[in-house]
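Engineer: After the structure tokens below, expect a handful of questions from me.
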Amino acid sequence: MQIYHLSHIDLDGYGCQMVSREIYTRAFASDSLLMFFYNANYGKEVSACLEEIYRQIKYTKAKNPKEKEAHILISDLNLTSDECERLVQSVLELNLNGFQITFELLDHHKSGQECAQTYEWYFLDTKRCATHIVYDTLLTRYGLCDSVRQWLEPMVKMINSVDLWLEEGYAFEFGKVAMRMIVECKELNRFMFDKEDREYKLALLKESAKFLGQEKGEILLDNAILEMKKCFLKGSLLSATLDNLISKYQSELLAQKAESCSIYWKQYRGFLSYSIGNISVLANLFLKNNPQFNFFIDVSARGNVSLRANNACDVSVLAKNYFNGGGHANASGGKIDGFKESFIYDNIKECVQNILKGEEYE
Numbered sequence: 026m027q028i029y030h031l032s033h034i035d036l037d038g039y040g041c042q043m044v045s046r047e048i049y050t051r052a053f054a055s056d057s058l059l060m061f062f063y064n065a066n067y068g069k070e071v072s073a074c075l076e077e078i079y080r081q082i083k084y085t086k087a088k089n090p091k092e093k094e095a096h097i098l099i100s101d102l103n104l105t106s107d108e109c110e111r112l113v114q115s116v117l118e119l120n121l122n123g124f125q126i127t128f129e130l131l132d133h134h135k136s137g138q139e140c141a142q143t144y145e146w147y148f149l150d151t152k153r154c155a156t157h158i159v160y161d162t163l164l165t166r167y168g169l170c171d172s173v174r175q176w177l178e179p180m181v182k183m184i185n186s187v188d189l190w191l192e193e194g195y196a197f198e199f200g201k202v203a204m205r206m207i208v209e210c211k212e213l214n215r216f217m218f219d220k221e222d223r224e225y226k227l228a229l230l231k232e233s234a235k236f237l238g239q240e241k242g243e244i245l246l247d248n249a250i251l252e253m254k255k256c257f258l259k260g261s262l263l264s265a266t267l268d269n270l271i272s273k274y275q276s277e278l279l280a281q282k283a284e285s286c287s288i289y290w291k292q293y294r295g296f297l298s299y300s301i302g303n304i305s306v307l308a309n310l311f312l313k314n315n316p317q318f319n320f321f322i323d324v325s326a327r328g329n330v331s332l333r334a335n336n337a338c339d340v341s342v343l344a345k346n347y348f349n350g351g352g353h354a355n356a357s358g359g360k361i362d363g364f365k366e367s368f369i370y371d372n373i374k375e376c377v378q379n380i381l382k383g384e385e386y387e
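So the numbering used here is basically just the index in the sequence shown, starting at one, shifted up by 25.
In structure tokens, the structure reads:
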């Protein structure tokens, strides 16, 4: 069985995935379940994620022809009429080609009312947050052991209180802290480290459950967030600063992407990242630990370019000749004219590599 769960990028969205992972992994044997998680904000990201889901379904079946059955769960996102129709048509095409795909949307945003009235698979309830809807739905289908339900259900109630802003609701003050924890959880870039960023947030959510229900639990959680983050990043409260732990952790993750993220300029090899931002510490550490790379380049969603080197090449030449910028030999910047934002890394890589080859960017 394959489960594809697409959800929003706030506390409620990740809460939905916390719930689905706990329930699905206990409802199916580990050797028969494949779970894939995706997160998107509204707009083009939703369509991009859905297209990636269709691609992954085809890829999984190509690897194992017996893997035909899959379920797509969308939560805490209200789709437009066009997005709904595209979803229906895409799944129909897959099923006509031998797949067995089912899908559903569980949401609470009133703006999706028209679609909910049109499609039977579009479930809408404005009186519960999406996490609560997903929990109730999957609990009814599959059940849950008492040991998990004991900590998971209070977390669901807490998220419901803060997401619907029920000030008299269960653990509302705790929810405010949890909501901020997710909003400010930007240590791992979700475009470069999609899986790791999600695991980070879900780990923090699960760890925070131990404070829920305690006296002044919201204060205990507030005080513990820094330590929780450092522990996830392979450190401790007194082992190193958060900045250094983040840089080391990200550098190790980037090294695993050495081949797929390599770009070339003349005889020089560079590493391309997307939307990391503020790369000074990270890029210098990465280049120091990975001397096979001569320069590091990060492109923002707006097309701004940051370049770093470690005395292996002059990135000011790159900045001036290709990105309408300039700077120093080891630290420069610029901008890509007419840059088109994308949520697919390969599109960004193709764009930058074409520029460095002297080809026009379209």
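Positions of the beta carbon are idealized from the N, C-alpha and C atoms, including for glycine.
1. Just checking my contact of Ala65 with Leu31 at CB under 8 Å: how many whole Å lie between their CB atoms?
2. Is there contact between the stretch 178-185 and the stretch 223-238, where contact requires at least three CB pairs shorter than 8 Å?
3. Going by beta carbon distance, what residues of the same chain come within less than 6 Å of Glu366, once the five residues before and after it are set aside?
4. Does the contact criterion of 3 or more C-beta pairs under 8 Å hold for the stretch 210-220 versus the stretch 293-309?
5. Under the three-state reduction of DSSP, which class applies to His157: helix, strand or coil?
6. Would you identify the three-state DSSP class for Trp290, choosing helix, strand or coil?
7. Which stretch, first to last residue, makes up the alpha helix (DSSP H) that contains Glu108?
8. Can you give, in chain order, each stretch of the alpha helix (DSSP H) that sits fully within the stretch 195-235 and has at least 4 residues?
9. Take Ile207 and list the residues in its own chain whose beta-carbon comes closer than 7 Å to its own, dropping the five residues that flank it on each side.
10. Taking the beta carbon of Thr156 as the centre, do at least 16 other beta carbons fall within 10 Å, making it buried, or is it exposed?
11. Are there 16 or more other CB atoms within 10 angstroms of the CB of Ile369, so buried, or fewer, so exposed?
12. Can you name the start and end residues of the alpha helix (DSSP H) that Asp323 belongs to?
13. Could you check what DSSP says for Asp132 in three-state terms: helix, strand or coil?
14. Are Ile304 and Phe348 touching if we call contact CB-CB under 9 Å?
15. Roughly how many angstroms lie between the CA atoms of Asp323 and Leu169, to the nearest whole one?
16. Identify every run of the beta strand (DSSP E) within the stretch 345-372, keeping only runs that are complete inside it and at least 3 residues long; order them along the chain.
17. Spell out the partners DSSP gives Glu94 in its beta bridges.
18. Note down, in chain order, each residue of its chain lying with its Cβ closer than 7 Å to the Cβ of Cys338, except the 5 sequence neighbours on either side.
19. For Lys302 versus Ser331, is the C-beta spacing smaller than 9 Å?
Structural biologist: The relevant details are as follows:
1. Confirmed, Cβ separation roughly 6 Å.
2. Because the criterion of three Cβ pairs below 8 Å is met, the stretch 178-185 and the stretch 223-238 touch.
3. Closer than 6 Å at the Cβ level, and outside the excluded window around Glu366, lie Ala326.
4. Between the stretch 210-220 and the stretch 293-309, the count of C-beta pairs closer than 8 Å reaches three or more; the two stretches touch.
5. Helix.
6. Here Trp290 sits in strand by DSSP.
7. 106-121 is the span of the alpha helix (DSSP H), which, as asked, contains Glu108.
8. The qualifying runs are 197-208, 219-233.
9. Cβ neighbours of Ile207 beyond the five flanking positions: Asp35, Leu36, Tyr39, Lys226.
10. With 16 or more other Cβ atoms within 10 Å, it is buried.
11. Burial call: exposed.
12. Careful: Asp323 lies outside any alpha helix (DSSP H), inside the beta strand (DSSP E) at 320-324.
13. Reduced to three states, the DSSP call for Asp132 is strand.
14. Not in contact: Ile304 and Phe348 (Cβ atoms no closer than 9 Å).
15. Taking the Cα positions, Asp323 is about 44 Å away from Leu169.
16. Runs found: 356-360.
17. DSSP links Glu94 through a beta bridge to Gln125.
18. Excluding positions up to five away in sequence, the list reads Tyr293, Asn319, Phe320.
19. Per the sequence shown, the amino acid found at residue 302 is Gly instead of Lys. For Gly302 and Ser331, yes; Cβs fall inside 9 Å.
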